[in-house]
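Step one of this worksheet: look at the structure below.
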Amino acid sequence: CHGIDDYAYYAQDRAKWDALLDAKHRGLDVPLPAADRAALLDWRAERSSPTTKPFPRTYVAQEVTTFYSDAEAEALLTRACTSCHDPDRYNNARFSPDRWRVVIVDMRERGAKVEDQELERLVEWLGRTKGANQRQGIRGSPWPSFSCWRSRSAVEPRPATRRY
Numbered sequence: 288c289h290g291i292d293d294y295a296y297y298a299q300d301r302a303k304w305d306a307l308l309d310a311k312h313r314g315l316d317v318p319l320p321a322a323d324r325a326a327l328l329d330w331r332a333e334r335s336s337p338t339t340k341p342f343p344r345t346y347v348a349q350e351v352t353t354f355y356s357d358a359e360a361e362a363l364l365t366r367a368c369t370s371c372h373d374p375d376r377y378n379n380a381r382f383s384p385d386r387w388r389v390v391i392v393d394m395r396e397r398g399a400k401v402e403d404q405e406l407e408r409l410v411e412w413l414g415r416t417k418g419a420n421q422r423q424g425i426r427g428s429p430w431p432s433f434s435c436w437r438s439r440s441a442v443e444p445r446p447a448t449r450r451y
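Residue numbering for the sequence shown is 288 to 451, as defined by the working numbering.
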């Protein structure tokens with residue numbers, strides 16, 4: 288009668304499952320014996336309770352047009368992450384932006400308070416400051432910045448006296 292969308296995105300207690308079942312079948316002639324309804328509600332409450340992770344909804348990344356400053360991003364991380372994690376957990380992690388997106392969406396599904404408009408800005412900031420490059424974002428790093436990696440020959444002409 289219906290697909291996975293009607294139930295898989297919820298993580299709720301038995302009473303809310305009962306209310307959802309009533310709402311979805313209101314006005315329909317759907318015979319469900321009391322014993323079967325009780326078994327169904329018990330199973331849904333066990334498998335999809337508030338302590339379980341609901342099936343993830345499709346997330347579509349939004350384009351970032353304004354970017355977080357360090358202070359703004361740190362404030363969001365403190366608000367959304369430190370209720371469960373020590374700051375070292377995310378400060379020492381190094382991921383690509385795509386991986387950061389997966390981590391943040393997963394944490395949001397587990398209860399982190401991050402809105403859609405905050406999520407992509409945070410992904411961009413984390414990718415820029417805590418990206419996959421191990422030394423990226425570390426203040427005082429002995430590694431040169433990305434702009435220094437240009438070939439010298441593209442900036443200065445080669446001396447005529449050297450053989451290449």
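Even glycine gets a Cβ: it sits at the ideal position worked out from N, Cα and C.
Count the other CB atoms, across all protein chains shown, that sit within 10 Å of the CB of residue i; report buried if there are 16 or more and exposed otherwise.
i: Lys417; result: buried
i: Arg366; result: exposed
i: Ser335; result: buried
Assuming residue i contacts residue j under a Cβ cut-off of 8 Å, what Cβ separation, rounded to an integer in Å, is found between them?
i: Leu363; j: Leu409; result: 6 Å
i: Pro384; j: Glu411; result: 7 Å
i: Val390; j: Phe382; result: 7 Å
i: Arg395; j: Ala348; result: With 8 Å as the limit, Arg395 and Ala348 do not qualify as a contact, their Cβ atoms being about 13 Å apart.
i: Thr339; j: Ala298; result: 5 Å
Just verifying my parser: in three-state terms, what is the DSSP assignment at residue i?
i: Cys368; result: helix
i: Asp316; result: coil
i: Pro337; result: coil
i: Ala441; result: Low per-residue confidence applies at Ala441: pLDDT is 44, beneath 50, and the placement is therefore not dependable, though the value from the model is reported in the following sentence. Here Ala441 sits in helix by DSSP.
i: Thr353; result: coil
i: Tyr296; result: coil
i: Pro417; result: A small fix is needed here, since residue 417 is Lys in this sequence, not Pro. Lys417: coil per DSSP, three-state reduction.
i: Asn379; result: coil
i: Ala310; result: helix
i: Ala399; result: coil
i: Ala348; result: coil
i: Asp373; result: coil
How about residue i: is its C-beta nearer than 7 Å to some C-beta of chain D?
i: Pro318; result: In the structure shown, chain D does not exist; there is a single protein chain.
Quiz item: Do the segment 304–319 and the segment 327–339 touch if we need at least three Cβ pairs shorter than 8 Å?
Solution: yes
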